[in-house]
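A.B. asks: Chains A and B are the protein sequences, given in the same order.
Residue 275 is where the first sequence ends in numbering that gives the first Met the number 0, and the numbering goes up by one at each step.
Residue 264 is where the second sequence ends in numbering that gives the first Met the number 0, and the numbering goes up by one at each step.
Don't be surprised by glycine CBs; every beta carbon is placed ideally from N, CA and C.
My structure is below; once you've seen it, I'll send some questions.
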Amino acid sequence: MNKAIEVKNLKYRYTDESLTIDDISFSIEKGSYTTIIGHNGSGKSTIAKLLLGLLEKQGGTIFIDGIELNYDNLNQIRNKIGIVFQNPDNQFIGSTVRDDIAFGLENHCVAREKMDSIIESFAGKVNMTEFLESEPTKLSGGQKQRVAIASVLAMDLRIIVFDEATSMLDPTGKREINRLIKEIHDENQITVISITHDIEEVAQSDNVLVIDNGKLAMSGSPKEVFSNEKVMIKMKLDIPFVYKLKNSLRAKGIKVSNTLDLERMAEEVCQYILKK
Amino acid sequence: MNNITLGRFIPLNSFVHKLDPRTKIVAMMILLVAIFIPVGFIGYGIIGVFLLIALILSKLSFSFVWKSFKPSLFMLVFLLIINMFLIKTGDIWLTIGTFNLYSGAVIQTIYIVLRLLLMIVITTMLTATTKPLDLTMGLEDLLSPLAKLNVPTHDIAMMISLALRFIPTLLEEAQRILKAQASRGVDMESGSFKEKIQAILSLIVPLFVSSFQKADDLADAMEARGYVVGAERVRYKQLKFTFSDFITLFSVTGILAALILIKVL
Numbered sequence: 000m001n002k003a004i005e006v007k008n009l010k011y012r013y014t015d016e017s018l019t020i021d022d023i024s025f026s027i028e029k030g031s032y033t034t035i036i037g038h039n040g041s042g043k044s045t046i047a048k049l050l051l052g053l054l055e056k057q058g059g060t061i062f063i064d065g066i067e068l069n070y071d072n073l074n075q076i077r078n079k080i081g082i083v084f085q086n087p088d089n090q091f092i093g094s095t096v097r098d099d100i101a102f103g104l105e106n107h108c109v110a111r112e113k114m115d116s117i118i119e120s121f122a123g124k125v126n127m128t129e130f131l132e133s134e135p136t137k138l139s140g141g142q143k144q145r146v147a148i149a150s151v152l153a154m155d156l157r158i159i160v161f162d163e164a165t166s167m168l169d170p171t172g173k174r175e176i177n178r179l180i181k182e183i184h185d186e187n188q189i190t191v192i193s194i195t196h197d198i199e200e201v202a203q204s205d206n207v208l209v210i211d212n213g214k215l216a217m218s219g220s221p222k223e224v225f226s227n228e229k230v231m232i233k234m235k236l237d238i239p240f241v242y243k244l245k246n247s248l249r250a251k252g253i254k255v256s257n258t259l260d261l262e263r264m265a266e267e268v269c270q271y272i273l274k275k
Numbered sequence: 000m001n002n003i004t005l006g007r008f009i010p011l012n013s014f015v016h017k018l019d020p021r022t023k024i025v026a027m028m029i030l031l032v033a034i035f036i037p038v039g040f041i042g043y044g045i046i047g048v049f050l051l052i053a054l055i056l057s058k059l060s061f062s063f064v065w066k067s068f069k070p071s072l073f074m075l076v077f078l079l080i081i082n083m084f085l086i087k088t089g090d091i092w093l094t095i096g097t098f099n100l101y102s103g104a105v106i107q108t109i110y111i112v113l114r115l116l117l118m119i120v121i122t123t124m125l126t127a128t129t130k131p132l133d134l135t136m137g138l139e140d141l142l143s144p145l146a147k148l149n150v151p152t153h154d155i156a157m158m159i160s161l162a163l164r165f166i167p168t169l170l171e172e173a174q175r176i177l178k179a180q181a182s183r184g185v186d187m188e189s190g191s192f193k194e195k196i197q198a199i200l201s202l203i204v205p206l207f208v209s210s211f212q213k214a215d216d217l218a219d220a221m222e223a224r225g226y227v228v229g230a231e232r233v234r235y236k237q238l239k240f241t242f243s244d245f246i247t248l249f250s251v252t253g254i255l256a257a258l259i260l261i262k263v264l
């Protein structure tokens, strides 16, 4: 198995309304960085909760690292996949940073003698060593999210879902967390699935899943997805400026290469004009 | 909110602070029992001296203990008045018109005052020198025999520690809602009783809604990190029973034994 996650014909509805998740299938490569985008209420967060078995699917199959999720093996599944939620406050379980990182280890029955060194090494990784004894009310949103990331990392998981983990943070906190996510992905070969509104983050990912109204509207590399400006606009999604420029140039019949470098694009446009 | 002394933890580094919470809970219970052994002033004297030593060792200030005692003053005065009219034993000390003040009434009241004072000092010492979480952990350990009777002691301890963890968060939230409502013209301070109730409602309802939201999120976060109700877990924090705990328990039991002896002889 080279797939970290394989989802087939996934279905879910909250009450008797229409399907929140309507027959979605996708797969995610091991070690890849996937972003999920979509308008508010499109069902992105529901997908995240379904992947972790926090909600019970009503149809379809989910494979996590080759194991089928069937609600009897939730413990096994949660040894492989973890999640960082949006609200920094509501996922801080311990009364201090140290206790919070310890919580997951306690649940996974890690030997007590090993806990201290694990806690300290992961607190160091997210730069929170000096705050180990701090209470959550004394930390900023960004710091709390860093602790949440450390808590998930400490559990030695292969797949981490970030459910709009930066949307409640200030710009500095957002930048820090985004950098940290990138770092742990690059260093540890952890499969990252990030639900996000941050179009720059999407541009840097390996794969994009576009969810619209509970359906998978598009998927592919950022380049492929952003080239399809019409669909994106229809779903009220923004695309990066470089793509906007490239798309409108192409619409005017000006051929530009697949570069994402603005300077080079400018050069190509100049050459085109010179040739004319 | 910051004026409440009863039950507040005072972070200091002292002999009493470092004691095992289990020791402190057991010592508190033994002392509370000792107070109710009726041996008169000698008993209160012994317990009083012991508590004085403990108080000095705990580095808590006397004014702090006095502050936690103050709220009960009114009740004591009230008790004194009732006793003056009801208890008619001992010698008559004072006669005003048809009313006689008996010595029994005064002594009885002094007993009650001393008893209450000692009890407040004991409980304040426990809560002021023990972190709420350690207290929970100590209770969990002491109640662990009940787990054999299918009492979910772990879950109860987890619930208490989560509640304690979320008190500051909810206070923050309440303050935020208060400000938000004030900016919409809700007046919490003036107005009739009915208007005040309505104003408070505008705080309570959103606070409840957000608490449920928080609880939901928290449950998801806990489950996602592998928490299963009733499942076996390793506990990271361990309580340590040291020599000072032994000394403390030894002296407290000694006091109880001494008082029983005095009573019997």
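Against A/F102, what residues of chain B qualify as contacts under a CB-to-CB distance less than 7 Å, listed in chain order?
C.D. replies: Locating residue 102 of chain A in the first sequence gives position 103, where the first residue counts as 1. Correct list: R224.
A.B. asks: Compare the C-alpha of A/I4 against each of A/D185, A/I61 and A/A101 and name the closest.
C.D. replies: Translated into positions along the first sequence, residue 4 of chain A becomes position 5. With distances taken between Cα atoms, A/I4 lies closest to A/I61.
A.B. asks: Does the distance from the C-beta atom of A/I192 to that of A/V160 stay below 8 Å?
C.D. replies: In the first sequence, counting from the first residue as 1, residue 192 of chain A sits at position 193. In the first sequence, counting from the first residue as 1, residue 160 of chain A sits at position 161. Cβ atoms of A/I192 and A/V160: closer than 8 Å.
A.B. asks: Is it true that the stretch 14-28 of chain B meets the stretch 62-69 of chain B, where meeting means three or more beta-carbon pairs spaced less than 8 Å apart?
C.D. replies: The answer is no - the stretch 62-69 of chain B does not touch the stretch 14-28 of chain B, with fewer than three Cβ pairs under 8 Å.
A.B. asks: What does DSSP give as the partner residue(s) for A/I159 in the beta ladder?
C.D. replies: By 1-based counting over the first sequence, the position of residue 159 of chain A is 160. In the DSSP output, where bridge partners are listed per residue, A/I159 has A/G81 and A/V191.
A.B. asks: If you measure beta-carbon to beta-carbon, which residues of the stretch 115-135 of chain A are closer than 9 Å to chain B?
C.D. replies: Within the stretch 115-135 of chain A, the residues whose Cβ lies closer than 9 Å to some Cβ of chain B are D115, I118, E134 and P135, listed in chain order.
A.B. asks: Can you say whether B/G137 is buried or exposed, counting buried as having 16 or more other CB atoms within 10 angstroms of its CB?
C.D. replies: On the second sequence, position 138 is the one that residue 137 of chain B refers to. Buried, since its Cβ has 16 or more Cβ neighbours within 10 Å.
A.B. asks: Can you give the Cα-Cα distance for A/K2 and A/G58, rounded to whole angstroms?
C.D. replies: By 1-based counting over the first sequence, the position of residue 2 of chain A is 3. By 1-based counting over the first sequence, the position of residue 58 of chain A is 59. So the alpha carbons of these two residues sit roughly 20 Å apart.
A.B. asks: Return no unless some Cβ of chain B is closer than 8 Å to the Cβ of A/M167.
C.D. replies: Here residue 167 of chain A refers to the residue found at position 168 of the first sequence. False, the Cβ-Cβ gap to chain B never drops below 8 Å.
A.B. asks: With 8 Å as the threshold, decide whether the Cβ of B/N1 is near any Cβ in chain A.
C.D. replies: Locating residue 1 of chain B in the second sequence gives position 2, counting from the first residue. The predicted position of B/N1 is uncertain, since its pLDDT is 45 and thus under 50; no value can be drawn from it.
A.B. asks: Which residues in the same chain as B/T247 place their Cβ atom closer than 7 Å to its Cβ, once the five residues preceding and following it in sequence are excluded?
C.D. replies: As a first step, residue 247 of chain B must be located in the second sequence, where it is residue number 248. Excluding positions up to five away in sequence, the list reads L18, T22 and A26.
A.B. asks: Closest to B/I52 by CA distance: which of B/V150, B/V120, B/V204 and B/I155 is it?
C.D. replies: As a first step, residue 52 of chain B must be located in the second sequence, where it is residue number 53. Nearest option by C-alpha distance: B/V120.
A.B. asks: To the nearest angstrom, how far is the alpha carbon of A/K29 from that of B/N149?
C.D. replies: Here residue 29 of chain A refers to the residue found at position 30 when the first sequence is read from its first residue. Here residue 149 of chain B refers to the residue found at position 150 when the second sequence is read from its first residue. Straight-line Cα distance between these residues: approximately 44 Å.
A.B. asks: Rank A/S94, A/V268, A/E200 and A/I238 by C-alpha distance to the C-alpha of A/K251 and give the top, closest one.
C.D. replies: Working through the first sequence from its first residue, we reach residue 251 of chain A at position 252. Nearest of A/S94, A/V268, A/E200 and A/I238 to A/K251, Cα basis: A/V268.
A.B. asks: Is the beta carbon of A/K43 closer than 8 Å to that of A/G37?
C.D. replies: Here residue 37 of chain A refers to the residue found at position 38 of the first sequence. Here residue 43 of chain A refers to the residue found at position 44 of the first sequence. In contact: A/G37 and A/K43 (Cβ atoms closer than 8 Å).
A.B. asks: Taking 8 Å as the cut-off, decide whether the C-beta atoms of A/N246 and A/E262 are in contact.
C.D. replies: Locating residue 246 of chain A in the first sequence gives position 247, where the first residue counts as 1. Locating residue 262 of chain A in the first sequence gives position 263, where the first residue counts as 1. No, the pair does not count as a contact, with Cβ atoms beyond the cut-off.
A.B. asks: For A/S94, go through chain B and note every residue whose CB falls closer than 8 Å to its CB, in chain order.
C.D. replies: Your numbering for residue 94 of chain A matches position 95 in the first sequence. Near A/S94 (Cβ distances below 8 Å), the residues of chain B are L132, S160, L163 and R164.
A.B. asks: CB-CB under 6 Å to A/E266, same chain, minus the five flanking residues each way: which ones, in chain order?
C.D. replies: Translated into the one-based positions of the first sequence, residue 266 of chain A becomes position 267. Result list for A/E266: empty, nothing under 6 Å.
A.B. asks: Can you grab the Cα-Cα spacing for the pair A/S41 / A/Q203, in whole Å?
C.D. replies: Residue 41 of chain A sits at position 42 when you count from the first residue of the first sequence. Residue 203 of chain A sits at position 204 when you count from the first residue of the first sequence. Cα-Cα distance, rounded: 22 Å.
A.B. asks: Using a Cβ-Cβ cut-off of 7 Å (strictly less than) and excluding sequence neighbours within five positions of B/N2, which residues of its own chain qualify?
C.D. replies: The residue labelled residue 2 of chain B in the question sits at position 3 within the second sequence. Note on B/N2: pLDDT 48, under 50, position unreliable in the model; no value is reported.
A.B. asks: Comparing C-alpha positions only, which one of A/K275, A/S94, A/L259 and A/P221 sits nearest to B/P131?
C.D. replies: As a working mapping, residue 131 of chain B is identified with position 132 in the second sequence. Taking only the C-alpha atoms, the option nearest B/P131 is A/S94.
A.B. asks: Within 8 Å, do at least three Cβ pairs link the stretch 178-188 of chain A to the stretch 61-71 of chain A?
C.D. replies: Judged by Cβ distances under 8 Å, the stretch 61-71 of chain A makes no contact with the stretch 178-188 of chain A, as fewer than three pairs qualify.
A.B. asks: Locate the beta strand (DSSP E) running through B/K69, then write down its first and last residues.
C.D. replies: By one-based count along the second sequence, residue 69 of chain B stands at place 70. Where B/K69 is concerned, there is no enclosing beta strand (DSSP E), given that its DSSP letter is neither H nor E.
A.B. asks: Would you please verify whether the beta carbon of A/R111 is less than 8 Å from any beta carbon of chain B?
C.D. replies: On the first sequence, residue 111 of chain A is found 112 positions in, with the first residue counted as 1. Yes, A/R111 counts as interfacial toward chain B.
A.B. asks: Considering A/V207, what are the terminal residues of the beta strand (DSSP E) in which it resides?
C.D. replies: Position 208 of the first sequence, counted from the start, is the residue given in the question as residue 207 of chain A. Its beta strand (DSSP E) spans residues N206 to D211.
A.B. asks: For a quick check, are the C-beta atoms of B/L31 and B/V251 less than 8 Å apart?
C.D. replies: The residue given as residue 31 of chain B occupies position 32 in the second sequence. The residue given as residue 251 of chain B occupies position 252 in the second sequence. Contact: no.
A.B. asks: List the residues of chain B whose Cβ lies closer than 8 Å to the Cβ of A/H107, in chain order.
C.D. replies: Taking the first residue of the first sequence as 1, we reach residue 107 of chain A at position 108. Simply G225.
A.B. asks: Return helix, strand or coil for A/G219, following the three-state DSSP convention.
C.D. replies: As a first step, residue 219 of chain A is located in the first sequence; it is residue number 220 there, counting from the start. Residue state, collapsed to three classes: strand.
A.B. asks: Within the continuous alpha helix (DSSP H) that includes A/N106, where are the two ends?
C.D. replies: As a working note, residue 106 of chain A is residue 107 in the first sequence. That run of the alpha helix (DSSP H) goes V96 to N106.
A.B. asks: Provide the residue span of the alpha helix (DSSP H) that contains B/A173, from first to last.
C.D. replies: Residue mapping note: residue 173 of chain B aligns to position 174 of the second sequence, counting from 1. Here the alpha helix (DSSP H) through B/A173 covers T152 to S182.
A.B. asks: Between the beta-carbon of A/A147 and the beta-carbon of A/V83, is there less than 8 Å?
C.D. replies: Taking the first sequence and counting its residues from 1, one reaches residue 147 of chain A at position 148. Taking the first sequence and counting its residues from 1, one reaches residue 83 of chain A at position 84. Yes, they are a contact pair.
A.B. asks: Looking only at C-alpha atoms, which of A/S133, A/I272 and A/V6 sits nearest to A/N69?
C.D. replies: Position 70 of the first sequence, counted from the start, is the residue given in the question as residue 69 of chain A. Of the candidates A/S133, A/I272 and A/V6, the one whose C-alpha sits nearest the C-alpha of A/N69 is A/V6.
A.B. asks: Mind checking which residues open and close the beta strand (DSSP E) that includes A/I23?
C.D. replies: One-based indexing of the first sequence puts residue 23 of chain A at position 24. From DSSP, the beta strand (DSSP E) with A/I23 extends over I20 to E28.
A.B. asks: Use the C-beta contact count for A/V207: other C-beta atoms within 10 angstroms, 16 or more gives buried, fewer gives exposed.
C.D. replies: Within the first sequence, numbered from 1, the residue matching residue 207 of chain A stands at position 208. When all chains shown are included, A/V207 counts as buried.
A.B. asks: For chain A, is any of its Cβ atoms less than 8 Å away from the one on B/D219?
C.D. replies: Along the second sequence, one-based indexing puts residue 219 of chain B at 220. By this cut-off, B/D219 is an interface position.
A.B. asks: For a test of the three-state rule: what should DSSP assign to B/M0, helix, strand or coil?
C.D. replies: By 1-based counting over the second sequence, the position of residue 0 of chain B is 1. In this prediction, B/M0 has a pLDDT of 42, which is less than 50 and means its spatial position is unreliable; what the coordinates show is noted afterwards. Three-state result, B/M0: coil.
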